[in-house]
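Asker: A single structure is presented below for examination.
2 protein chains.
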Amino acid sequence: MALPNPDSTAGEVLGAYLRAQATAFLRGLRLHEESGPDAHGAADAALLLRAAARRIGVSLATFRGVTPNPWADGLRTELVWLSSTLADEHAYGSRLTRLMEALHRLSAVPAPRGSGSGAGSLTVGSARAGALLERQLTLGRTRAHSASLQALGSSRFHAVADSVAVLASEVPLDPVAATGRVEEVLVPLAELAGARLGTAVAALPESPGPHPYDAHTDAAWHEVRRLLRVHRYAGELLGEDVDRAALAGAALDRHRDASEAAATAAGAARTPRIAPATAYALGVLHADQRHAVEAARGEFHRFWSLHPAPTA
Amino acid sequence: MALPNPDSTAGEVLGAYLRAQATAFLRGLRLHEESGPDAHGAADAALLLRAAARRIGVSLATFRGVTPNPWADGLRTELVWLSSTLADEHAYGSRLTRLMEALHRLSAVPAPRGSGSGAGSLTVGSARAGALLERQLTLGRTRAHSASLQALGSSRFHAVADSVAVLASEVPLDPVAATGRVEEVLVPLAELAGARLGTAVAALPESPGPHPYDAHTDAAWHEVRRLLRVHRYAGELLGEDVDRAALAGAALDRHRDASEAAATAAGAARTPRIAPATAYALGVLHADQRHAVEAARGEFHRFWSLHPAPTA
């Protein structure tokens, strides 16, 4: 994205970004309607729809005041509802893929010498653990699929789509803030978002902590992921280079995925009446995903240290 | 250890080293006899005894030919028997300590939100896993303790001790090789040991490999550990700086300990009729120790890259 013209007003720059994202949203919606029974096409369309919905919602929040607040807050609430509803189905599917790939990797353990049985316990256990996880996550995905179909057919969704369609042609603007210069209106708000991110990164608990399998530090990282997105979208809007922020964000996406996969493995191990070998494989899987959590934290810090401090 | 006098003969240098190690062996033996019911004192004495026995045995092999071969080979066989017998008790004890510390670290996992029971399954399971490991390893240690007491009271041991006592005052030397110069006799043999080590390091499988929980690459690392010891003892004898070799060796000691602890956790998980929560905790423990194996490999490579190539 090119740097905005220095003579542009805040309203022109925010308006252009919101119109472009609204157009992407409508394209995603059309692709979704056209995809019909093609599950891959529908998933791609949902990704496009969610990406645009997130950008519109986040920009309305970061640059709150440049558009009329009651309208912006109302649309943002609806976009958050929509993108979180659509995200669930994708999350179940990718978590299942992630856990199956990990089990496949882990189960290539030959039987220890001197073990009574022919196959190692992890090989037997991991097949059962895989079946258990597939059952649980497929059920979750099916429910999420129904929920997202229901959402997309609802009058609530049609109202959101109508608002976004209006946005694609005309962005309502605050008569005072929108006429200010980009440097005086948008840049300070973007810097505020950057400062919030910098503070949250500085407050991250040391990693690896004393208890590597303890998930209670994850929330602070998920919050950094959210703030990094806000910072990245503001940078996109202002035409800045966001490549490194995108790389750091991808590390935090892996962090979130591994964190949730570990919790899923731990949860599956509490299923009543499972075999010890199944529980053992789920324990290995849990620890494996927690190590992926730690690895993702390390990757984030590497990209972050390359990334110029947003407040500098 | 100071560099040997360049005018010294191979026999003088090897002889001085063997006499010093034989004296350390006898000191360890005396400490062991004096320690009586003091388990800590006996363990320290056994460490001293084993360290000296290893150095004598390894030096006789590395510099084979400088002492009469039949005598050297015979004594070396007996020293290997002795140090491996004494090592077992220590190995069981330190493995138990290692696994208990790891379980303690791992079990500080709070119950995931929404879990039915009050305590996380790992906390319940890790207490049971700890009890199971303690039972199994304590039994092993008790058996090893009896075996080492029996060994130290045997006529076979008294014969070794007598040979070492002779060595402390007079080292039998080969009349030809021992009169050669250090540079012409000992240095080439030490370089051969260094070259063997360099070849073994170069042939190590890539790490992390595709299957991080697969222990079948461990043997190649254990062999590097053995060859590094041989190289280090030869360096000690020649008065070289062995600090980095000692650091790299310590990383390989941790590698071996983690590898064996992981195998112990996997073995305990095959105990019949254990609870799923116990098996789950053992699975986490297994994966944790396999990650410690990987970490130790990384540390070794860091120290090794600092260490001048032995063949250079």
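Residue numbers (the numbering used here), protein chains in the order written: chain D, 484 to 795; chain C, 484 to 795. All C-beta atoms, glycine included, are put in the ideal place defined by N, C-alpha and C.
1) Within its chain, find whatever has a CB closer than 8 Å to the CB of residue 574(D); leave out the 5 residues flanking it on each side and keep chain order.
2) So residue 542(C) is in the alpha helix (DSSP H); what residue range does that whole segment cover?
3) Looking at chain C, is there any beta carbon in it that lies within less than 8 Å of the beta carbon of residue 759(D)?
4) If the cut-off is 8 Å on Cβ atoms, which residues from the segment 760–793 of chain D count as contacting chain C, listed in chain order?
5) Using a Cβ-Cβ cut-off of 7 Å (strictly less than) and excluding sequence neighbours within five positions of residue 543(C), which residues of its own chain qualify?
6) Just to confirm, are residue 707(C) and residue 684(C) a CB contact at a threshold of 8 Å?
7) Kindly indicate if chain C contains any beta-carbon less than 8 Å away from that of residue 589(D).
8) Starting from the C-beta of residue 501(D), find all residues in its chain whose C-beta is less than 7 Å away, skip the five residues before and the five after it, and write them out in chain order.
9) Where does residue 521(D) land, buried or exposed, given buried means 16+ other C-beta within 10 angstroms?
10) Suppose contacts are defined by Cβ-Cβ distances below 8 Å. Is residue 727(C) in contact with residue 786(C) by that definition?
11) Helix, strand or coil, according to DSSP, for residue 754(D) in the structure here?
12) Give me whichever residues DSSP pairs with residue 492(D) in a beta bridge.
13) Quick check: what's the CA-CA separation for residue 583(D) versus residue 725(D)?
14) Determine the direct distance from the alpha carbon of residue 734(C) to that of residue 783(C), and round the result to whole angstroms.
15) Check whether the Cβ of residue 741(D) lies closer than 8 Å to any Cβ atom in chain C.
16) Here's a check: name, in chain order, each residue in its chain whose Cβ is nearer than 8 Å to the Cβ of residue 680(D), leaving out the five neighbours to either side.
17) Looking at residue 545(D): is its Cβ nearer than 8 Å to the Cβ of residue 730(D)?
18) Should residue 683(D) be flagged as near chain C, meaning a C-beta pair shorter than 8 Å?
19) Which residue spans inside the segment 682–768 of chain D form an unbroken alpha helix (DSSP H) run of at least 4?
20) Under 8 Å, do residue 760(D) and residue 762(C) count as touching if we go by C-beta distance?
21) Check whether the Cβ atoms of residue 510(D) and residue 570(D) sit closer than 8 Å, and answer yes or no.
22) When you compare the segment 771–783 of chain D with the segment 607–621 of chain D, are there three or more beta-carbon pairs, one atom per stretch, that lie closer than 8 Å?
23) Can a CB atom of chain D be found closer than 8 Å to the CB of residue 528(C)?
24) Which residue's Cα is closest to the Cα of residue 578(D): 524(D), 691(D), 738(D), 492(D)?
25) Excluding the 5 residues flanking residue 644(C) on each side, which residues of the same chain have their C-beta closer than 7 Å to its C-beta?
26) I want to verify the contact list: residues of chain C whose CB lies under 8 Å from the CB of residue 752(D), in sequence order.
27) Would you list the residues sitting across from residue 550(C) in a DSSP beta bridge?
28) Which stretch, first to last residue, makes up the alpha helix (DSSP H) that contains residue 638(C)?
29) What would DSSP say about residue 519(D), mapped onto helix, strand or coil?
30) Below 8 Å on the Cβ atoms is my contact criterion, and I expect residue 691(D) with residue 777(D) to pass it. Report the Cβ-Cβ distance as a whole number of Å.
Answerer: Looking at the coordinates:
1) 627, 743
2) 522–545
3) yes
4) 760, 761, 762, 763, 764, 765, 766, 767, 768, 769, 770, 771, 774
5) 550, 555, 558, 559
6) yes
7) yes
8) 539, 542, 650, 654
9) exposed
10) yes
11) coil
12) 664(D)
13) 32 Å
14) 5 Å
15) no
16) 707, 710, 711, 713, 714, 793
17) no
18) no
19) 701–720, 726–751
20) yes
21) no
22) no
23) no
24) 738(D)
25) 512
26) 604, 759, 760, 763
27) 547(C)
28) 638–652
29) coil
30) 5 Å
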